Amino acid sequence: MKIFDRPGFPNPARIRIVLSEKGLEAQVEFVSVDLIAAEHKQSAFLEKNPSGVLPVLQLDDGTNIAECTAITEYLDNLDGNPKLTGKGPKERAVIHMMQKRAETGLLDAVGDYFHHATPGLGPDLQAFKSPEWGGRQEWGNRQRDRALGGMKYFDAVLQNHPFVAGDAFSMADITVFAGLMFADAAGLLLPEDCSALKAWRGKVTDLPSVKNRSGQMFVADDLRRLGF
Numbered sequence: 002m003k004i005f006d007r008p009g010f011p012n013p014a015r016i017r018i019v020l021s022e023k024g025l026e027a028q029v030e031f032v033s034v035d036l037i038a039a040e041h042k043q044s045a046f047l048e049k050n051p052s053g054v055l056p057v058l059q060l061d062d063g064t065n066i067a068e069c070t071a072i073t074e075y076l077d078n079l080d081g082n083p084k085l086t087g088k089g090p091k092e093r094a095v096i097h098m099m100q101k102r103a104e105t106g107l108l109d110a111v112g113d114y115f116h117h118a119t120p121g122l123g124p125d126l127q128a129f130k131s132p133e134w135g136g137r138q139e140w141g142n143r144q145r146d147r148a149l150g151g152m153k154y155f156d157a158v159l160q161n162h163p164f165v166a167g168d169a170f171s172m173a174d175i176t177v178f179a180g181l182m183f184a185d186a187a188g189l190l191l192p193e194d195c196s197a198l199k200a201w202r203g204k205v206t207d208l209p210s211v212k213n214r215s216g217q218m219f220v221a222d223d224l225r226r227l228g229f
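Going by the numbering used here, the first residue of the sequence shown is number 2, and it counts up by one from there.
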């Protein structure tokens, strides 16, 4: 199998954590895609994923699977023993519900703020993300508020449960963790009163599948190219 991604970015980090949880890292060839130069918006990559987003899982028969939820479903069920996407109907439903909330209420909100209310990843990519950047900054700032609201929501959830979707670590936790990574890079700090979310983050950071795999939001080469 091949994974087309860029290490250190939120969605690629999600799948790398999944691969580690499932013990599949050795079975995957990683192919780096230059996000800063908008390589994922060019025709060669769009043939793999018309949405132009990372990561993409390419199977040995040439099948391309995009979207982190779909990739996670595939990888989690390869051995017939899913641990991240749920086993029974109720568990699967709750995990998928929380996964969707994590994407829309936190990860996507941070991304919209980052790409519309800040210069984002630089001019090459900005043209694809927000051609009317100046006119949409106010909208982007509203997404910042939505992301902060998402943090408070998950803090409330974690006051009563050890993990985002209940008693066990799942793909919903991975998505919230990636959302907080992205928020760090975008300059959105975790509110001081989100003590449960902060404690959960420390716990997840120490998991073997997460530690030393999520990394900083941008790798050093990307930061230098952006002038940081």
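Don't be surprised by glycine CBs; every beta carbon is placed ideally from N, CA and C.
Remember, predicted model here, so these are calculated numbers, not experimental data.
- Task: Count the C-beta pairs between the stretch 67 to 78 and the stretch 150 to 162 that are closer than 8 Å, then say yes if the count reaches three, no if not.
- Result: no
- Spatial distance of Trp-134 from Leu-149 (CA atoms): Confidence at Trp-134 is low in this model, with a pLDDT of 47, below 50, so the placement of that residue should be treated as unreliable; the coordinate-derived value is given next. Distance between the alpha carbons of Trp-134 and Leu-149 is about 21 Å.
- Query: With C-beta atoms as the reference, is Leu-181 less than 8 Å away from Leu-191?
  - Reply: yes
- When DSSP labels each residue in this structure, what does Gln-43 get in the three-state scheme? Secondary structure at Gln-43: coil, using DSSP grouped into helix, strand and coil.
- Backbone secondary structure at Ser-131 - three-state DSSP: Residue confidence for Ser-131 is low, a pLDDT of 48 falling below 50, so the modelled location carries little weight; the figure read from the coordinates is stated next. Secondary structure at Ser-131: coil, using DSSP grouped into helix, strand and coil.
- Message: Less than 8 Å between the C-beta atoms of Val-95 and Gly-141, yes or no?
- Response: no
- Closest by C-alpha distance to Val-54, when choosing among Lys-23, Gly-87, Phe-10, Gln-28: Phe-10
- Query: So, are the CB atoms of Thr-176 and Glu-92 less than 8 Å apart?
  - Reply: Result no, Cβ atoms of Thr-176 and Glu-92 do not sit closer than 8 Å.
- Taking Cβ to Cβ, would you say Leu-36 is nearer than 8 Å to Arg-7? yes
- Item | Host beta strand (DSSP E) of Asp-58 (start-end) | As written in the sequence, residue 58 is Leu, which differs from the Asp given in the question. Leu-58 -> beta strand (DSSP E) spans 57 to 59.
- Query: What do you get for Gly-106, buried or exposed, if any count of 16 or more other CB atoms within 10 angstroms of its CB means buried?
  - Reply: Its Cβ being crowded by 16 or more others within 10 Å, Gly-106 is buried.
- Message: With a threshold of 7 Å on Cβ separation, who are the neighbours of Leu-85 within its own chain once the five nearest residues in sequence on each side are excluded?
- Response: Val-19, Glu-22, Thr-73, Asp-77, Ser-171, Met-172
- Mind checking Asp-113: buried by the 16 CB within 10 Å criterion, or exposed? buried
- Message: Any beta carbon of chain C sitting closer than 8 Å to that of Lys-101?
- Response: Given the protein chain composition of this structure (a single chain), no chain C is represented.
- In the DSSP assignment, what residue or residues form a beta bridge with Lys-3? BP columns for Lys-3 point to Glu-30, Gln-59.
- Task: Give the DSSP-derived three-state secondary structure of Asn-78 in the structure shown.
- Result: helix
- Contact check, Val-165 vs Met-99 under 8 Å by CB: the rounded distance? So it is a contact: roughly 5 Å between Cβ atoms.
- Query: In chain order, which alpha helix (DSSP H) runs of at least 4 residues are fully inside the stretch 138 to 199?
  - Reply: 138 to 159, 172 to 187
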